[in-house]
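Line by line, the protein sequences give chains A and B. Heads up, the first sequence is in the numbering used here, so the first residue is 1 and it goes up one at a time. Heads up, the second sequence is in the numbering used here, so the first residue is 1001 and it goes up one at a time. Structure record follows, encoded as structure tokens.
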Amino acid sequence: MSQARILMHDVADAATQNDPSAAERQLGLAERLWGNATLRKSLLILVLAVVWQVYATALDNPLLFPTLTETLATMLDRVRDGTLPARALTSVKVLLMGYAAGSLLAAALTMVAINTRLGTDFLETMTAMFNPLPAIALLPLALIWFGLGNGSLVFVLIHSVLWAVALNTHSGFLGVSRTLRMVGRNYGLKGFRYVAMILIPAAFPSILTGLKIGWAFAWRTLIAAELVFGVSSGQGGLGWFIFENRNLLDIPAVFAGLLTVIIIGLVVENLVFRTIERRTLHRWGVHH
Amino acid sequence: MTTLLDVSAVTLRYKTPTSLVTATERVSFSVDQSDRFVLLGPSGCGKSTLLKAVGGYHAPSEGHIRIKGREVTEPGADRMMVFQEFDQLLPWKTVLENVMFPLQVARSMSKAEARDRARAYIDKVRLTKFADSYTHTLSGGMKQRVAIARGMAMEPDILLMDEPFAALDALTRRQMQDELLQLWQDTRFTVMFVTHSIAEAIKIGNRILLLSPHPGRVKAEVRDVDQVSAADGSAAQLERQIHDLLFAEPGHRE
């Protein structure tokens, strides 16, 4: 009987074994720095800041477009005298109230929706109706119902958060794979334990997306709503700060207010949500 | 040997939007303690549906499924499933946590107990180094080993495996089959295994139930499968015989 032959090659000799660089090479410092997204973005912001400064200096019209240094100086001023932090705090407080209430309502609504078919229909109909309706459009009505104050703000905030969060959470639940559902039931999990231990973590990418969208909606809605009336119990928010200073033609302060709005938005997006993402989705290797 | 699982005259039907499909018709068999019981048949013979019915996911329209005398009515941790899909592991848990999780929620074990038991079974499937890894970092074969470890750690009455190696490459599949047999040598657990590969059925099983398609009916049962060996060609001969039984015969009784 004829037979196949196996010819051995010498692969693992001592030289290559002791020298890992054969398979792997360290990247240079410049290459590694350029690979860092945060660094690249910071650089971009720096470039934009320089462009701002140069343009505003050339324009030389602080009433239309103050320079970056002017804006920063005013901002520092307003931070020192306490107005800006107080205004920001007022805004954030109202925001958190509305955001928390909206998210809780969304959780309740989705819970009903996944357990009953009628609940699903209700959620889908309500979302289809109210999601395209800008929250700010409800403000005049809210003012009649809840008066000039935080009640109205919280109402429009709930409206801006609720549908985005509920819609994403629900579609996240629906998207949980059949296999994972079967695994959960295999463990004998039912009802609330099943939802909490299987569905919520499995749908977490969508839930987080919903929370992020909800946050962005809420923040914009709040600033806009404050611009419209803002003062409640003698203490306005950031939107009111911007509006007030425009009336005083203190344009650097208007810019300082806008910058604060941006900074708070960035901090929440990059610190809070990015950290949650890094600790969960990235570690789990799941993407939406 | 005692009868562990008793399936008697089970008919399974499921609805599609347009019709009522009969997956299996009056299928009967019984599985004994420490059996490696293989359900073998071409696609459409209802073997997976049958396994899922034993798992409690699918209630029979007729007949009974009893495990240790208890009627199967819903999924439960006494019948642990190993699926074909790689996404059967919980991505938000590490390998160790994946194996611990059912021990804690379904067996009400303390964390320490569950950890010890889970570690022992992770060692058995040779994934000790990966115990703290998240599942997305594992290869397909490793994921299936975790699923097997998770199933075995529960020490269920029966392990239900639904084509667990079908999505693996050929080399890994052979390796996994050997490992499964090795694990069985160690603990002699009872396993019910679904496959459409005749060679795999002969390699894994000691008993093979042959099912014919549309609707699934029992065609034959092969016993003492572990008596054949690849060395003297008897395995190849059995493979041919089974192949002829399943495919050569024109059509099926309708």
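Beta carbons are placed, not taken as given, at the ideal position from N, Cα and C, and that holds for glycine. For clarity, every value in this text was computed on a predicted model and none was experimentally measured.
With respect to the alpha helix (DSSP H) encompassing residue i, which residues constitute its N-terminal and C-terminal limits?
i	result
B/ALA1118	1111-1124
A/LEU159	Per the sequence shown, residue 159 of chain A should be read as His rather than Leu. That run of the alpha helix (DSSP H) goes 150-174.
B/MET1154	Where B/MET1154 is concerned, there is no enclosing alpha helix (DSSP H), given that its DSSP letter is neither H nor E.
B/ALA1106	1095-1106
A/TYR187	Taken as a continuous stretch (DSSP letters only), A/TYR187 belongs to no alpha helix (DSSP H), as it is neither H nor E.
A/GLY214	204-228
A/GLY67	Here residue 67 of chain A turns out to be Thr, not Gly, going by the sequence shown. Run containing A/THR67: none; DSSP gives neither H nor E here.
B/HIS1243	1234-1243
A/ILE114	83-115
B/THR1195	It is not in any alpha helix (DSSP H) - B/THR1195 instead sits in the beta strand (DSSP E) that spans 1191-1195.
B/TYR1266	Any property of residue 1266 of chain B remains undetermined from this structure, which presents chain B solely from 1001 to 1254.
A/PRO140	139-146
B/ARG1174	1170-1187
A/ASN61	Element bounds for A/ASN61: n/a, residue is neither H nor E.
A/ARG246	238-247
When the distance is taken between beta carbons, is residue j closer than 9 Å to residue i?
i	j	result
B/LEU1004	B/ASP1186	no
A/THR57	A/PRO252	no
B/ILE1065	B/SER1110	no
B/LEU1040	B/ALA1230	no
A/THR116	A/PHE173	no
B/LEU1246	B/VAL1222	no
A/VAL165	A/ALA216	no
A/THR260	A/ALA88	yes
A/LEU157	A/GLY102	yes
B/LYS1124	B/MET1142	no
A/GLY285	B/PRO1164	no
B/GLU1179	B/ARG1119	no
A/LEU162	A/LEU105	yes
B/VAL1038	B/ILE1208	yes
B/ASP1169	B/GLY1140	yes
B/LEU1020	B/ARG1026	no
A/LEU148	A/PHE255	no
B/LEU1210	B/ALA1220	yes
A/LEU84	A/PHE192	no
B/LEU1051	B/ASP1224	no
A/ASN150	A/MET75	no
A/ILE114	A/LEU199	yes
A/TRP219	A/GLY265	yes
A/ALA86	A/GLN235	yes
Tell me, to the nearest whole angstrom, how far the beta carbon of residue i is from that of residue j; I am working on the premise that it is less than 8 Å.
i	j	result
B/ARG1117	B/LEU1096	That pair is no contact at about 11 Å.
B/VAL1099	B/TYR1121	6 Å
B/THR1011	B/SER1048	Their Cβ separation, rounded to whole angstroms, is 16 Å, which puts B/THR1011 and B/SER1048 out of contact at 8 Å.
A/SER152	A/ALA137	Not quite, the Cβ-Cβ distance comes to about 13 Å (not below 8 Å), so this is no contact.
A/GLY237	A/SER91	4 Å
Can you have a look at residue i and say buried or exposed, based on whether 16 or more other CB atoms are within 10 angstroms of its CB?
i	result
A/GLY35	exposed
B/GLN1144	buried
B/HIS1243	exposed
A/ASN61	exposed
A/ASP10	exposed
B/GLU1254	Caution is warranted here: a pLDDT of 38 is assigned to B/GLU1254, below 50, making its placement in the model unreliable, and the coordinate value is therefore given only provisionally. Exposed.
A/ASN168	buried
B/THR1073	exposed
A/THR38	exposed
B/THR1002	exposed
A/VAL94	buried
A/TYR99	buried
B/ILE1067	buried
B/ARG1150	buried
B/LYS1203	buried
B/HIS1252	Legend: pLDDT at B/HIS1252 = 47, less than 50; position of this residue unreliable, value from coordinates given subsequently. So B/HIS1252 ends up on the exposed side.
A/TRP145	exposed
B/THR1024	buried
A/ARG78	buried
A/GLY175	exposed
Just to confirm the assignment, what range does the beta strand (DSSP E) spanning residue i have?
i	result
B/VAL1027	1020-1032
B/TYR1014	1003-1015
B/LEU1040	1036-1040
B/ARG1217	1217-1222
B/THR1135	That residue, B/THR1135, is in no beta strand (DSSP E); it is neither H nor E in DSSP.
B/SER981	Outside the displayed range of chain B (1001 to 1254) lies residue 981 of chain B, so it cannot be described from this structure.
B/PHE1083	Here B/PHE1083 belongs to no beta strand (DSSP E), and DSSP marks it neither H nor E.
B/ILE1067	1062-1067
I'd like to know if the segment 59-72 of chain A and the segment 124-131 of chain A are in contact, where contact means that at least 3 CB-CB pairs between them fall below 8 Å. no
Quick check: the segment 1120-1134 of chain B against the segment 1045-1057 of chain B, are at least 3 beta-carbon pairs closer than 8 Å? no
Is the number of C-beta pairs between the segment 1180-1199 of chain B and the segment 1212-1221 of chain B that are closer than 8 Å three or more? no
Is the number of C-beta pairs between the segment 183-192 of chain A and the segment 239-246 of chain A that are closer than 8 Å three or more? no
Contact between the segment 1151-1166 of chain B and the segment 1076-1086 of chain B is defined here as three or more beta-carbon pairs at a separation below 8 Å; is this criterion met? yes
Using 8 Å as the Cβ pair cut-off and three pairs as the minimum, do the segment 174-181 of chain A and the segment 1084-1095 of chain B touch? yes
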